[in-house]
Structure formats: structure tokens, C-alpha cells
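The block underneath contains the structure these notes are about, expressed in C-alpha cells.
Protein chains: 2
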Amino acid sequence: MNILVVDDEKEIADLIEICLKNANYNVYKYYSSIDVLNNLKTLNIDLAILDVMMPDLDGFSLCQKIRETYNFPIIFVTAKVEDLDKVNGLTIGADDYITKPFQPLELMARVKAQLRRYKNYNQIANQDENIINFRGILINNNTHEFYFNDQKIELTPIEFQILWYLCLNRGNVIKTEDLFMNVWQEKYYENDNNTIMVHIRHLREKMQDTGKKPKYIKTIWGVGYKIEK
Amino acid sequence: MNILVVDDEKEIADLIEICLKNANYNVYKYYSSIDVLNNLKTLNIDLAILDVMMPDLDGFSLCQKIRETYNFPIIFVTAKVEDLDKVNGLTIGADDYITKPFQPLELMARVKAQLRRYKNYNQIANQDENIINFRGILINNNTHEFYFNDQKIELTPIEFQILWYLCLNRGNVIKTEDLFMNVWQEKYYENDNNTIMVHIRHLREKMQDTGKKPKYIKTIWGVGYKIEK
DNA sequence: AGAAAATTTTAAGAAATTTATAAGATAATG
DNA sequence: CATTATCTTATAAATTTCTTAAAATTTTCT
Chain A
-15 MNILVVDDEK
-5 EIADLIEICL
5 KNANYNVYKY
15 YSSIDVLNNL
25 KTLNIDLAIL
35 DVMMPDLDGF
45 SLCQKIRETY
55 NFPIIFVTAK
65 VEDLDKVNGL
75 TIGADDYITK
85 PFQPLELMAR
95 VKAQLRRYKN
105 YNQIANQDEN
115 IINFRGILIN
125 NNTHEFYFND
135 QKIELTPIEF
145 QILWYLCLNR
155 GNVIKTEDLF
165 MNVWQEKYYE
175 NDNNTIMVHI
185 RHLREKMQDT
195 GKKPKYIKTI
205 WGVGYKIEK
Chain B
-15 MNILVVDDEK
-5 EIADLIEICL
5 KNANYNVYKY
15 YSSIDVLNNL
25 KTLNIDLAIL
35 DVMMPDLDGF
45 SLCQKIRETY
55 NFPIIFVTAK
65 VEDLDKVNGL
75 TIGADDYITK
85 PFQPLELMAR
95 VKAQLRRYKN
105 YNQIANQDEN
115 IINFRGILIN
125 NNTHEFYFND
135 QKIELTPIEF
145 QILWYLCLNR
155 GNVIKTEDLF
165 MNVWQEKYYE
175 NDNNTIMVHI
185 RHLREKMQDT
195 GKKPKYIKTI
205 WGVGYKIEK
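Protein sequences appear in the order of chains A and B.
Counting in my numbering, the first sequence runs from -15 upward without gaps.
Counting in my numbering, the second sequence runs from -15 upward without gaps.
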């Protein structure tokens, strides 16, 4: 589990980091929120703990920026005790709010509670599933291999991710926007974005499914794509 | 949204109930936790607010019982301020913990935050709500499929949205204006706007319901359309 | 009841939108 | 530096949506 900690007070950030590392979490610690935004894409964060009062960009704004793209849980930790602040924080997209001074045990309990909800109760599809096998499609997320009718087909990383996500949700339509967000981990600007279509075409070509009515990756007009069960 | 409130202190339970009802939630209020367990199955709860100290069965035990079957969010509200209690509560399956005396606004913010996570970011919680089945009509918002008397019928995006909205409100009249606002997400200018009618006609054609008295999508003269339950 | 007005239905073609294809440009990788 | 992967752009194809006008229906008015 990767946890993001952002606090301009180094002592606090360090304390939180120690607690988290004790509990065996992987911590990414930042003393400034601007730095965070630049690196977020590469980090694959599962939960964030943010301070509210920070010099360059305050926690609320950072939270809003994050929420444009991600939906991992966000916990505010702050010295401000005013209730309105709590309400604000929770309203703009945070999941919990805890005031300094806090008991490390309580913070840990809240972290665990949020992660439990996010990871266990909240699964979009069965997370443990790493090998999917249906209709001649055998796709393995451990080895990143794809067999189609017992024949191995080489996929590029993005092609694999797209196909994997479609298979994980086989039977259901995936909106182009959702697909993009999931594979690219960034916001989707629909005006003039043709890249998914191109990758879909490549996938169809490799699966020799380029007829008028594709049998595998189907187009749902005005919505997105789906792969039939 | 159905919210369960359990507290043996009537004043507290009543106060919480008022707050929730103000915010337009549907409240099921209990003064004893034993009663809850007997009725839980029928209630279709989306979130629970539980007191910890209760005479017959304490909140922690109730929480555990609930978690055996359900995974809607649970918030503890309690007079106990000891930190260990918070940790316990969160550890056994609660999602949040707030101590009395509390600010109603904060409670509401936390309720909203939990519901947001549960409902908006969680596809599984909503899976079932995306399938409507009645009178030979089976419409599935996950797969974007429409079956009419067990026969699959292809719909265009707008046709699907219109039919979905009518089915979601089956039995009730939908004003043309409401229908338009919901599907097109923009303001409706009634002067000379025939587009909904055209789509309705297409839907009726596809359902072979073009007689003098349509059986499915009915015209409510001067108002709009409705689909009979 | 019969005429007039308002509203809805029907039909067909034009316009707009969305998706597919192709090929070259750019970026990333080893 | 060579190779591969990804993105961009332009154009074609497919499909959907809207517009328009006339016909039919229902309601309202006299």
C-alpha cells in the first residue's frame, strides 16, 4: 500500500511517516504540495494524508486537484479546530478529518478503516483475479501474456492494459472516459482525443476481428466499448 | 437514501433524526439494538449511525453483527472519548467515529462523505440498481442492453437514455421538459421542439407499439410521457 | 355538435456527431 | 542509434440526431 503524506511541518510529516512505516505501509512524503502534483502520476497512491495550511498551495486546493483525477481516500490532518473547516474539507472530497494533536493509534485506525473501505468493500471487479479465461481469451496479468485461441499474441503495454480492463469488466460497457482514466491515470479531454480508438483498432487487428461487426471488442455507440462474456 | 440511527438516549437519536431529515434523508430510528437486528433485512439501509453504550447489545457488537452481512458505511457517535475506543470501533468495521458533543454540521458532512464514497466511487454497490425488469422490459445500464420480451433490441444512445429515464420512473408521468433536461443536460426551449417526439416514435417502432393506443410508452396529453408499471 | 386551436405523430432527408482507418510524427526504450 | 510504442492529424465511413412539413389526433371554444 502506497500512502502519500503532505505536510509543511517536517516534524509532523516525519511522525506520520514513522507511524505508517511501523504498520508496514509504503510512504511518499512531501513538504510542499506543488511537488506532489508533479509526481502524482507515477506514484500509484492508495491513500493520502494532507495538511490543510501549507505555504504554496493549501490542502483544500490540493484535494480538489487530486479529485479531478483520482478517488483514493483522502484524510486531512490539521491544527485548525474550527468546525466549518471540517465541513469544508469533507465537502470538497475528503473522506476523513482529524485534528492535531492526534493520537497515532487513532490516525492508524482511521487509515486502516479508509483503506478497508477503498480496497475491500469497494472493488470494481475482483481484484484477486489475475488470470482471466473465457471465449478463447486467456489473459494473464501476472505474466502480461495474452493467448487468443491458444495462440500467443504480443501486446504493447497500453494495449495490454486496455484489454485487461475490458476483460476485468467483461460483459459491461466501459465508458471511453473511464477506460482512459484507468489506463492513463489522468483526466480525459474528449475534444479531439482519438488515441483510444487507435489502440482498439490495433487490438482488433491482432485478434483478427476487423469485420463490420466485431465479435470481441464491441463498440457501444456514444458510450464506449465492451467485450462480450 | 435510507439511514439507520440507533441510540438509547432518545434526545440524541431524535436530534440526529432531525438533522438527517432536514437534509432529506429517509431515517429509521431505533432506541434499542436488538430491534434493529430483527428488522434490518427489510430496510435496505445505505448508512448507519450507532451509539456505542447501549443496554441490551452494545454498538460494537451490533456493528460486528451488521458486518457479517452488510457493508454499508457505519459511523459511531458516542460520549466515550477514550482513544482506545475509537481505535476499537474503527478496527471492527466502522468507517468513522465522532464524539459527543458534536456539531450537527460536522455529522452531516461526515455522513455525506461516507455516502459519497459508498455510492459514487463504488460500482458494486450500485450494480443492482442499474438493472430494471418489469412487464417484459429488461433494461440494463451496465451493459447498455435492452431486452423486450426476451428479444434483444438495439437502441441509439439517446433512445437508451430516454427509455432508461422513463423506466426509472415507471408508473409516473415525466414532463417533456424534465425528460429533455435529464437526457440532454441543457435547458429546454419548448417553442418548436419536436426532437423528443421523434425519439419516442423510434422507441415505439422498435417495441412494435405503434397502434392507436400504445401499451408501453403512453402519451399524457399536454404533459409528457409515462411508461406503465 | 361542429369549427378552430393546440398538440402530437409520422415521414424523410439534411446536418451533425461519432467512430474507423491510415499514415506519418513524436517520444520512449534499450 | 535503431527499434518499438504511442500519439497526432487528416480523411473516410458509419450512425445518430435534428429539422421540416404535412397529417392525425385531442382539446377547447362557440
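Glycine included, every Cβ here is placed at the ideal spot set by N, Cα and C.
For clarity, every value in this text was computed on a predicted model and none was experimentally measured.
Cβ shell of residue i (< 7 Å), same chain only, five flanking positions each side left out
i, result
"A:Lys13", "Val(-11), Ala(-3) and Glu1"
"A:Glu170", "Lys25 and Thr53"
"B:Val11", "Ile(-13), Val(-11), Glu1, Leu4 and Lys5"
Same chain, Cβ closer than 8 Å to residue i, five either side skipped, listed in chain order
i, result
"A:Arg94", "Ile59, Asp80 and Ile82"
"A:Ile142", "Val167 and His183"
"A:Lys136", "Glu129 and Phe130"
"A:Lys199", "Asp193 and Glu212"
"B:Leu99", "Met(-15), Asp30, Leu31 and Pro57"
"A:Ile204", "Val157 and Lys210"
"A:Ala109", "With a pLDDT of 43 at A:Ala109, under the threshold of 50, the modelled position of that residue is not reliable, and the figure given next carries that caveat. Here the set comprises Leu152 and Asn153."
"B:Lys202", "Tyr209, Lys210, Ile211 and Glu212"
Contact with chain B by residue i, beta-carbon distance below 7 Å
i, result
"A:Asn110", "Residue placement at A:Asn110 is flagged as unreliable, the pLDDT there being 47, under the threshold of 50; the coordinate-derived value follows with that caveat. With 7 Å as the cut-off, A:Asn110 does not count as an interface residue toward chain B."
"A:Asn178", "no"
"A:Gly195", "no"
"A:Asn156", "yes"
"A:Ile(-13)", "no"
Reference residue i, options the options, closest by Cα
i, options, result
"A:Val157", "B:Asn166, B:Lys190 and B:Asn114", "B:Asn114"
"A:Phe86", "B:Thr75, B:Glu(-5) and B:Lys70", "B:Lys70"
"A:Leu91", "A:Gly77, A:Cys3 and A:Asn177", "A:Cys3"
"A:Lys64", "A:Gln135, A:Pro57, A:Asp40 and A:Val36", "A:Val36"
"A:Glu(-5)", "A:Tyr9, A:Asn10, A:Asn8 and A:Tyr15", "A:Tyr15"
"A:Arg51", "A:Glu66, A:Ala78 and A:Asn125", "A:Ala78"
"A:Tyr9", "A:Pro198, A:Asn23 and A:Ile29", "A:Ile29"
"A:Gly73", "A:Phe118, A:Ala97 and A:Phe44", "A:Phe44"
"B:Gln48", "B:Asn23, B:Lys196, B:Thr75 and B:Lys202", "B:Thr75"
"B:Ile116", "B:Asn23, B:Asn178 and B:Phe144", "B:Phe144"
"A:Ala7", "A:Lys96, A:Thr179 and A:Thr127", "A:Lys96"
"A:Asn178", "A:Leu163, A:Asn124 and A:Asn126", "A:Leu163"
"B:Phe118", "B:Asn126, B:Asp134 and B:Lys196", "B:Asp134"
Proximity of residue i and residue j at Cβ, strictly below 7 Å
i, j, result
"A:Leu27", "A:Leu46", "no"
"B:Met181", "B:Tyr172", "no"
"A:Leu139", "A:Phe130", "yes"
"A:Ile(-13)", "A:Leu31", "yes"
"A:Gly120", "A:Lys213", "no"
"B:Gly208", "B:Thr160", "yes"
"B:Tyr102", "A:Asn55", "no"
"B:Leu150", "B:Ile211", "yes"
"B:Asp67", "B:Met38", "no"
"B:Asp42", "B:Ile18", "no"
"A:Leu152", "A:Leu187", "no"
Within chain B, partners of residue i - CB distance below 8 Å
i, result
"A:Arg119", "Near A:Arg119 there are no residues of chain B at all, since even the closest Cβ is about 16 Å away, more than 8 Å."
"A:Val61", "Simply none; closest approach about 15 Å."
Chain A within 7 Å of residue i, Cβ atoms only
i, result
"B:Val71", "yes"
"B:Tyr105", "yes"
"B:Pro85", "no"
"B:Asn126", "yes"
Beta-carbon neighbours of residue i, restricted to chain A and to distances below 9 Å
i, result
"B:Thr75", "Ala93, Lys96 and Ala97"
"B:Thr140", "Trp205 and Gly206"
Under 9 Å by beta carbon: chain B residues contacting residue i
i, result
"A:Asn55", "Arg101, Asn104 and Tyr105"
"A:Lys199", "Under the 9 Å cutoff, chain B gives no residues; its nearest Cβ is about 15 Å from A:Lys199."
"A:Lys210", "Thr127 and His128"
Nonlocal neighbours in the same chain, by C-beta distance under 6 Å from residue i, ignoring five residues either side
i, result
"B:Pro88", "Cys3"
Chain A contact residues for residue i, given Cβ-Cβ distances below 7 Å
i, result
"B:Asp79", "Ala97 and Arg101"
"B:Glu90", "Asp67, Lys70 and Val71"
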